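Numbering (this note's numbering), first residue to last: 2 to 362. Note that CB positions come from ideal geometry on N, CA and C, so glycine has one too. Predicted, not measured: the structure shown is a model, and the values here were computed from it.
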């Protein structure tokens, strides 16, 4: 094979084919390509999809709307990524979203007072305390899940199923099954406010993503999570505190869900314990798998999970914009889940190939 020599350095240049191979084998190629295809489809079918405009110092447009609405899902996907990387699963995410949002909305509420003849609403509880209480409840939920999985050794899907049912039930008990409305305006900034022309929720997601990426890349945490996901028995025999690590990822997942609950509640200015975060755990799992994280544990990608969340939200926006019945969205997601699961199963994929060969022979 002939190699080209760089005349300036006198060293052989890397073949262009090798760079192409690296790009084609990059784990983010497939999710990024899927997102690009969806955006291109929207550009063709949705008039003015890429149009952006500034109103009152804020940036508006379909792309901004997709990013803003995807923020809670991206938070949930971040936490779910680490859980799945340890061979776990957390189906209580939606219940934690409802519970944390309910606690915050109930504590903040809003009481009308008149100052100098001007009516305004004040919080029933200081906003900082209310937010701390909501996040604290989410942390306790994660601790509960982690102890059940790592301490009592329940199957993750069974352990989190308990909280999936009980958590939403607790939220409904707090609100008596009613929708709690929030009137305190500063609270609205979390989910519907703007900073530097962009939705504030994006800064929350970016900060948590950067912190998580720093932990898994610049410390041994990422390696430990991969080790537990690949072989938890060998990790324990090697001296890793696998139980502590598993408890941590479930606590982190619930903390992310708690923040997502705050964004959702502040965005809609109310807490609906019956519907808030409903099926969000399924979207989070789908986003994580779309991003390249292996359901078998070990292999995970935080950036891929973010792209997966954007794929789901863009798909939802596309379906609604085209006037397709919302029920179709669930069918499409089910098909995507099936394709992802098959693609991650080498044995099943091999069987399908053999079956196709027999039929074409």
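In this structure residue 255 is not in contact with residue 79, their Cβ atoms being roughly 12 angstroms apart against a cut-off of 8 angstroms. Here DSSP, grouped into helix, strand and coil, assigns residue 279 to coil. The region 160-170 and the region 263-272 do not touch, with fewer than three beta-carbon pairs separated by less than 8 angstroms. Under the 8 angstroms Cβ criterion, the region 86-93 counts as touching the region 280-294, having at least three qualifying pairs.
Collapsing the DSSP output to three states places residue 270 in coil.
In this structure, DSSP gives residue 62 an extended state, which the three-state scheme calls strand. Contact annotation: residue 172 and residue 99 have beta-carbon atoms nearer than 8 angstroms.
Burial check for residue 328: the Cβ neighbour count within 10 Å stays below 16, so the residue is exposed. Counting only runs of 4 or more residues that sit fully inside the region 201-251, the alpha helix (DSSP H) segments are 201-219, 222-231, 233-238, in chain order. Separation of residue 192 and residue 159 (C-alpha to C-alpha, rounded to the nearest whole angstrom) is 32 angstroms. DSSP places residue 334 within a helical segment (H, G or I) once states are collapsed to three. Residue 229 sits close to residue 247, with the two beta carbons spaced by under 8 angstroms. Annotated three-state conformation of residue 122 is strand, per DSSP. When rounded, the separation of the alpha-carbon atoms in residue 282 and residue 211 is 22 angstroms.
Nearest to residue 137 by C-alpha distance, out of 40, 34, 175, 257, is 257. Contact check for residue 82 against residue 303 passes: the beta carbons are separated by less than 8 angstroms.
The C-alpha of residue 319 is placed about 22 angstroms away from the C-alpha of residue 30.
By the 16-neighbour rule on beta-carbons within 10 angstroms, residue 243 is buried. In the three-state reduction of the DSSP assignment, residue 55 falls in the strand class, which pools E and B. Contact between residue 97 and residue 223 is ruled out by a C-beta separation of about 24 angstroms, above the 8 angstroms threshold. Taking 8 angstroms as the cut-off, the beta carbon of residue 130 is found no closer than this to the beta carbon of residue 187. Beta bridge pairing from DSSP links residue 112 with 123. The beta-carbon distance between residue 74 and residue 273, rounded to whole angstroms, is 17 angstroms. This is too long to meet the 8 angstroms contact definition. In this structure, the CA atom of residue 105 is about 12 angstroms from the CA atom of residue 189. Burial state of residue 107 is buried, judged by a 10 Å Cβ sphere holding 16 or more other Cβ atoms. By the 16-neighbour rule on beta-carbons within 10 angstroms, residue 276 is exposed.
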